[in-house]
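Below is one structure; the comments refer to it alone.
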Ligand SMILES: Nc1ncnc2c1ncn2[C@@H]1O[C@H](COP(=O)(O)OP(=O)(O)O)[C@@H](O)[C@H]1O
Ligand SMILES: Nc1ncnc2c1ncn2[C@@H]1O[C@H](COP(=O)(O)OP(=O)(O)O)[C@@H](O)[C@H]1O
Ligand code: SF4
Ligand SMILES: [Mg+2]
Ligand SMILES: [Mg+2]
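Dropping the structure here:
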């Protein structure tokens, strides 16, 4: 990843609130991050931590109401995607920004064959003729490793296995040579041997096509294997950001540290007793005025209940939203 | 901590268990084939141990667990639990045996009746199988809630008021109500968040320790099984391909499928990712309605040989306590030769 390069995507102070019966859900709170050209950015967090809502907000995919993207900017190719007209946004989405979601069955249309579904964005966004689109669709299926591509263009989604459907989704996302690919838990519903195939494919495609990728997962193992850099989300916020190796070697936020201790491994040291994180993730009912992790944090102190910590710089390209300094073992003096 | 089985007493002995589901097609719903969900598995579970059962979705883990508890009328085979053969016992006669063997399900949301209070849910097995007084039952339920770490104050609430991890605790309390000896835990943590999984696993371990429980722990999570299991069985397409003590299975797996499965687990350590040898399997699992001829794994096996397409390999004990079904280990008996055969793949 070229250091200091202009980001392809720059997200600032994103805030998304759902107005629901009985109150509000503050799903995404002042989330800022950027994506460098050719980089694979991992986003990890438990369910409900705001990963999907962040990505849906920046793609303009949330129904409004109940969603309300109250604040922020999303800069892509000199434009703020939160301000452009719906037409422009539609052409960016599925064009220069491709996306893949967890469950391909809900994103693929069951009544059209996959050939039609890959050809659609090619014709719409790239203006290809029908025959050119068909040729390109076949190439795309080959690119994502679907055997017998020519024949499979005529098959319907239900005729593919889960892993093959996810490959089809990746083919569609790649159709218009995107600069950015956003993949939201694309392997969570798959078995590990199939997940391994998809991760291998992704790394290979990224090498060959050079696009920037945001890969969302709740699995720290997946992130360790493919990401250049990682964002850790908790309670609707980014609580830590670091280059992958740095995050695993030198985690700074108490949540990241606890999470790394609580997951068992198949090859490393086996502990007789699993470390646990007591308690439950927070309920995001209001604008947070304190650290969202404080109830479960083993180093929390009085300040954590009074203020929501900003993201403190803790090292090169490394920040953590915590008032406690894990290196000195004492509260920060800022 | 819970490594060696506490006793050498077999609590569960399963032999050649088969559970086939008939496929009916056409206008007259003719019987045209069978889904061979479990197709001849044999294993023992020792008192006080945890046998892990792993494998990818659809390989037959849940069917196996349910068949062992006789939630199905099995197609074939024998099941001994606590000294009694229950494989062919008619359902009506199983009632007396039910309290001994219980189940904890994957989805605490779906397995708890939303219209019953926690008190009623946990109490239901007591209503059905005991003659305790109302007051005694109430006391027992509250004691169970204490044991699984649920606040007694919430006995009158409904399941929806609880988080996923708490609902799983309700399911566990219910399973414990009749003082069972044997519990089948079917993916009990699969629906829970990473930070909650460890809480539930630790609870299961504590309960096992305290009450001498025996578990069949079904999971697709190989790292969690490494943590909790004493011994581990690996299933593929309806059969057990390898069964071994935990350390042997993870450190020196013999079956090509076990090796590939373990190598596919992404490790939360970037250094390991860079240095690891990975076997990436190609293709998908065949349908259990139409398994391949020969070894069930022959269509994806990286070490496949001609014989594998012809003959189903025998499942046998090749090292003490380590069972494997693979032609690479035919006719070999000494440990060095076994290791050589494993490395040669
Ligand atoms: N349509 C919606 N209405 C109300 N709340 C929602 C909606 N979609 C998501 N949320 C809430 O927003 C929060 C973040 O959700 P999400 O981004 O989906 O989490 P993740 O992807 O990290 O699992 C959660 O508390 C979730 O319940
Ligand atoms: N009641 C049933 N009727 C027909 N087929 C079934 C039934 N239950 C399970 N199966 C099939 O048996 C196979 C094994 O399923 P299951 O035991 O649920 O696997 P696992 O728990 O390992 O994911 C699958 O192909 C599944 O579709
Ligand atoms: S800010 Fe406080 S409560 Fe939050 S993680 Fe840091 S130490 Fe813990
Ligand atoms: Mg999500
Ligand atoms: Mg199952």
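Chains as they are written, first to last, in the working numbering: chain B, -8 to 325; chain V, 6 to 350. By construction, the Cβ of each residue, glycine as well, lies at the ideal position given by its N, Cα and C atoms.
- No residue range can be given for residue 13 of chain V, since it is assigned to no alpha helix (DSSP H) and is classified by DSSP as neither H nor E.
- Against chain B, the beta carbon of residue 265 of chain V has neighbours under 9 Å at 184, 187, listed in chain order.
- With the criterion set as a beta carbon lying under 9 Å from some beta carbon of chain V, the members of the region 263 to 287 of chain B are 263, 264, 265, 266, 267, 268, 269, 270, 271, 272, 287, in sequence order.
- Secondary structure within the region 225 to 286 of chain V: the alpha helix (DSSP H) runs of 4 or more consecutive residues, fully enclosed, are 227 to 233, 251 to 256, 261 to 269, 275 to 280 (chain order).
- For residue 283 of chain V, the chain B residues whose C-beta falls within less than 9 Å of its own C-beta are 187, 191, listed in chain order.
- Contact with chain V is absent for residue 16 of chain B, since none of that chain's Cβ atoms lies less than 8 Å from the residue's Cβ.
- No Cβ of chain B is located within less than 8 Å of the beta carbon of residue 240 of chain V.
- Contact check for residue 237 of chain V and residue 249 of chain V: beta-carbon distance about 6 Å, within the 8 Å limit, so the pair qualifies.
- For residue 124 of chain V, the enclosing alpha helix (DSSP H) starts and ends at 123 to 134.
- In this structure, ligand 4 has a non-hydrogen atom nearer than 7 Å to the beta-carbon of residue 176 of chain B.
- At the C-beta level, residue 143 of chain B and residue 102 of chain B stay beyond 8 Å of one another.
- Residue 180 of chain V is a Cβ neighbour of residue 108 of chain V, given a cutoff of 8 Å.
- A buried status is given to residue 203 of chain V, since no fewer than 16 other beta-carbon atoms sit within 10 Å of its beta-carbon.
- Within the region 153 to 179 of chain V, the residues whose Cβ lies closer than 8 Å to some Cβ of chain B are 168, 170, listed in chain order.
- Looking only at B/201, B/93, B/112, B/131, the smallest Cα-Cα distance to residue 153 of chain B is reached by B/93.
- About 14 Å separates the beta carbons of residue 312 of chain B and residue 322 of chain B, which is beyond the 8 Å limit, so they are not a contact pair.
- Residue contact with chain B for residue 255 of chain V: present (Cβ-Cβ distance below 8 Å to some residue of chain B).
- Interface flag for residue 335 of chain V against chain B is unset, since no Cβ pair is found closer than 8 Å.
- Around residue 251 of chain V, the same chain offers 231, 234, 235, 236, 237 as residues with beta carbons nearer than 7 Å, after the five sequence neighbours per side are excluded.
- Within its own chain, the residues whose Cβ lies closer than 8 Å to the Cβ of residue 228 of chain V, once the five positions on either side in sequence are excluded, are 270, listed in chain order.
- At a cut-off of 8 Å between beta carbons, residue 277 of chain V contacts chain B.
- With respect to the C-alpha of residue 82 of chain V, the residue from V/150, V/20, V/333 having the closest C-alpha is V/20.
- In chain order, 77 place their CB closer than 7 Å to the CB of residue 71 of chain V, counting only its own chain and leaving out the 5 sequence neighbours on each side.
- Checking the 7 Å criterion, the Cβ of residue 186 of chain V is out of range of every heavy atom belonging to ligand 5.
- At least one C-beta of chain V is nearer than 8 Å to the C-beta of residue 37 of chain B.
- The alpha-carbon of residue 100 of chain B is positioned some 7 Å away from that of residue 148 of chain B.
- Taking a 10 Å sphere around the C-beta of residue 321 of chain V, we find fewer than 16 other C-beta atoms and assign the residue as exposed.
- Bridge pairing for residue 157 of chain B: absent [DSSP].
- Assignment of residue 98 of chain V by DSSP, reduced to helix, strand and coil, places it in the helix class.
- At least 8 Å separates the beta-carbon of residue 276 of chain V from that of residue 299 of chain V.
- The beta carbon of residue 222 of chain V sits no closer than 7 Å to any heavy atom of ligand 2.
- With 16 or more other CB atoms across the displayed protein chains lying within 10 angstroms of its CB, residue 113 of chain V is buried.
- Taking 8 Å as the threshold, the shortest C-beta distance from residue 130 of chain V to chain B does not fall below it.
- Here the alpha carbons of residue 325 of chain V and residue 62 of chain V stand approximately 29 Å from one another.
- Taking 8 Å as the threshold, the shortest C-beta distance from residue 215 of chain B to chain V falls below it.
- Residue 62 of chain B carries a strand assignment under DSSP once its states are collapsed to helix, strand and coil.
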